[in-house]
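So that you can map any letter, position 93 of the sequence shown is 93 in UniProt numbering, and since no number is skipped, the others follow by simple counting. From the three backbone atoms N, C-alpha and C, an ideal C-beta is built for every residue, glycine too. Contents: one structure, followed by commentary.
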Amino acid sequence: MVLGAALMAVPVSGFAQHMNAPDAPCRSVGPNSVFTHCLSDAARQADARLAQAEKRIRDTLPAASLEDFQRAEQDWERYKNGLCDGEYHLYDGGSGGPAAHFGCLEALTRHHQSELETVYGRFMAREK
Numbered sequence: 001m002v003l004g005a006a007l008m009a010v011p012v013s014g015f016a017q018h019m020n021a022p023d024a025p026c027r028s029v030g031p032n033s034v035f036t037h038c039l040s041d042a043a044r045q046a047d048a049r050l051a052q053a054e055k056r057i058r059d060t061l062p063a064a065s066l067e068d069f070q071r072a073e074q075d076w077e078r079y080k081n082g083l084c085d086g087e088y089h090l091y092d093g094g095s096g097g098p099a100a101h102f103g104c105l106e107a108l109t110r111h112h113q114s115e116l117e118t119v120y121g122r123f124m125a126r127e128k
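Written as structure tokens, this is what we have:
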């Protein structure tokens, strides 16, 4: 009972969110609008880095594995967008929603690139 009351007293911002993770970018940039813009830029940069990694993989992956890779990437993209849309909607249209959305997109994309490097690293390191 006491734990329940204590949890109810924690502000929503106290719960774990991608934008508040220790490794998240933009953690001390200032007002919410600047923070949101910074996270938007960070998400865009993460997308660009992921696109480069995907291209390196596609360019060197054996043809027999290419279809599996492309299907997995399409599935991952749907997962990422669905999860981050869900994180946005937790804010019910409030001002924290956009920052949460961009923070989620950046974090999932950055982590996915790391996963690709683990799985496909040997293909990323060589040229065709």
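Buried versus exposed, by CB contacts within 10 Å (16 or more), residue i
i	result
T118	exposed
G14	Residue placement at G14 cannot be trusted, given a pLDDT of 45 that sits under 50; the coordinates are not used to answer.
Q74	exposed
L116	buried
R78	exposed
R71	exposed
Own chain, CB closer than 8 angstroms to residue i, minus 5 neighbours either side, in chain order
i	result
Y88	G97, P98, A100, H101 and C104
CB contact flag (residue i, residue j, <9 angstroms)
i	j	result
L61	K80	no
E106	A53	no
C26	A48	no
Q113	L50	yes
Close-in-space but distant-in-sequence residues of the same chain around residue i (CB under 7 angstroms, 5 per side omitted)
i	result
F123	I57, T60 and L61
L66	R58
W76	H112
Beta-carbon proximity list for residue i, same chain, < 6 angstroms, skipping 5 on both sides
i	result
T36	P98 and A99
C84	H101, C104 and L105
Could I get the ranges of all uninterrupted beta strand (DSSP E) runs contained in the stretch 25 to 81, with 3 residues as the minimum, in chain order? None, since the stretch 25 to 81 contains no complete beta strand (DSSP E) of that length.
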